[in-house]
Every structure is written in C-alpha cells, then in structure tokens.
Amino acid sequence: MSTLHVLSHSPFGDSRLSSCLRIIGAADALLLSGDAAYALQPGTVPFATLQTRGLKLYVLAEDAQARAIDVPDWARAIDYPAFVELSIQHDKVNTWL
C-alpha cells in the first residue's frame, strides 16, 4: 500500500517536513507544493536531507517557478494533471495540513 504525501508549508516555519520524512515508506512519494517548494533551495538543510533520502520526489512546476527555484535532477517537476495522475497511482493521499 503506497501513500502520496503532499506538503504545502515552508520547511523553515515548522516541522511538517521532518515529521513526514520520519514515516514515509519506500513505496511512498512526496509532492511539494506552495511554500514547501522552498525545500529545494540549494545550500539548505531541507535540500541536503531530501537529496540524500532517495525519495520519489515531485514538485508542482508552477510553484517552483513562482519562487524562482530550479528543480534538481533528483526531483521531478509536474503540472496539475500529473498531480491528479499521481494521486490515482497511490492507495492514499496524505495532505500535511
């Protein structure tokens, strides 16, 4: 059983990202949206943590673009139709509110 974890809050304002990373499973995926895209800012602790985890990591392309964040090659930028498809591919979707 796989879960798509969706984060939308900045990793610098609270502990949602670290909480998510503690429970995310090998079959799960992580989608960064909104201010969570800041986790892909090079030179930051969240960036280094995500880079070394080897997760199935996605970011909404328009959110990365709006924040002038280049998506690294170990993450995949997707649009909203791909987000819907990703949601369908997983058994559950967990939004970290």
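If you use the UniProt record's numbering, the sequence shown corresponds to residues 1 to 97, in order. All C-beta atoms in this analysis are idealised placements derived from N, C-alpha and C, irrespective of residue type, glycine included.
Terminal residues of the continuous beta strand (DSSP E) containing residue i?
i             : result
serine 52     : It is threonine, not serine, that sits at residue 52 in the sequence shown. No beta strand (DSSP E) contains threonine 52, which is instead part of the alpha helix (DSSP H) from 45-53.
arginine 16   : Where arginine 16 is concerned, there is no enclosing beta strand (DSSP E), although the alpha helix (DSSP H) it sits in stretches over 16-23.
alanine 29    : 29-32
isoleucine 69 : First-last for isoleucine 69: undefined, no H or E at that position.
leucine 7     : 3-7
CA-CA distance, residue i and residue j?
i          : j             : result
leucine 32 : alanine 39    : 8 Å
alanine 48 : arginine 76   : 16 Å
lysine 92  : serine 2      : 7 Å
glycine 43 : leucine 50    : 12 Å
serine 10  : isoleucine 69 : 13 Å
alanine 37 : leucine 21    : 15 Å
leucine 86 : histidine 5   : 11 Å
Can you have a look at residue i and say buried or exposed, based on whether 16 or more other CB atoms are within 10 angstroms of its CB?
i            : result
aspartate 73 : exposed
valine 45    : exposed
leucine 97   : exposed
Considering only residues of the same chain and omitting the five flanking positions on each side of residue i, which have a CB-CB separation below 8 Å?
i            : result
aspartate 79 : Leu60, Ala61, Glu62
With distances taken from CA atoms, which of the options is nearest residue i?
i                : options                   : result
alanine 57       : Leu30, Phe83, Ala37       : The sequence shown places leucine at residue 57, not alanine. Minimum Cα distance to leucine 57 is reached at Leu30.
serine 18        : Leu7, Ala26, Asp28, Ala27 : Leu7
phenylalanine 12 : Gln41, Ile23, Thr95       : Gln41
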